[in-house]
Amino acid sequence: MSITDDRRREQLGNEIAALMGPLVRGLNSAFQTCAGALGLTPSEAQILWLLQLRGGLPIKDLARALDIDPANASTLVTKLERRGLARRDAAPHDRRMRLIELTGAGRGMRDRLAACIADRKPTFRELTTDELVVFRDLLRRLADADRAGR
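Here numbering that gives the first Met the number 0 is used: position 83 in the sequence shown is 82, and no number is missing along the way.
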């Protein structure tokens, strides 16, 4: 890479960071507001979101995804279980392992959360489906690189 290319990459990175800041803050604000309106803590809402996206997860994977201690993740899941939003089921491949899964009520709650966020912050409606796929794939690459760098 040349000095000019290095400088251009730096400028682009700075511009992307400046554009993403307000976008991320707005989405986070909508997420927290909608979670609260549905009687969920932000962490509980994140669990519903993750389980809808990834399917059943063991506590340790759920905790890793949320960047919290497994004991704290277990406490949050217990609260969701009491509300009928999640359940612990034996994993098909290892009956000793428990997977956290959404119940029908949990999927409905997550759908209401998503609808609320979309109403408050309809940001992604500006992009076509193909553009969203490219955006998602680029974010995945960055997230994977960030995890690998830890």
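From the three backbone atoms N, C-alpha and C, an ideal C-beta is built for every residue, glycine too.
- Boundaries of the beta strand (DSSP E) around ASP88: 85-90.
- When rounded, the separation of the alpha-carbon atoms in ARG24 and ASP66 is 19 Å.
- For ALA64, the CB contacts under 6 Å within the same chain, skipping 5 residues up- and downstream, are LEU49 in chain order.
- In the DSSP annotation of this structure, ASP93 is not part of any alpha helix (DSSP H); the continuous beta strand (DSSP E) holding it starts and ends at 93-101.
- Around ALA62, the same chain offers PRO69, ALA72 as residues with beta carbons nearer than 6 Å, after the five sequence neighbours per side are excluded.
- Separation of LYS78 and ARG106 (C-alpha to C-alpha, rounded to the nearest whole angstrom) is 16 Å.
- A straight-line Cα-Cα distance of about 32 Å links MET19 and GLU100.
- Distance from the CA atom of ASP118 to the CA atom of ALA16, rounded to whole angstroms, is 25 Å.
- Per the DSSP secondary-structure output, LEU56 pairs in a beta bridge with ILE99.
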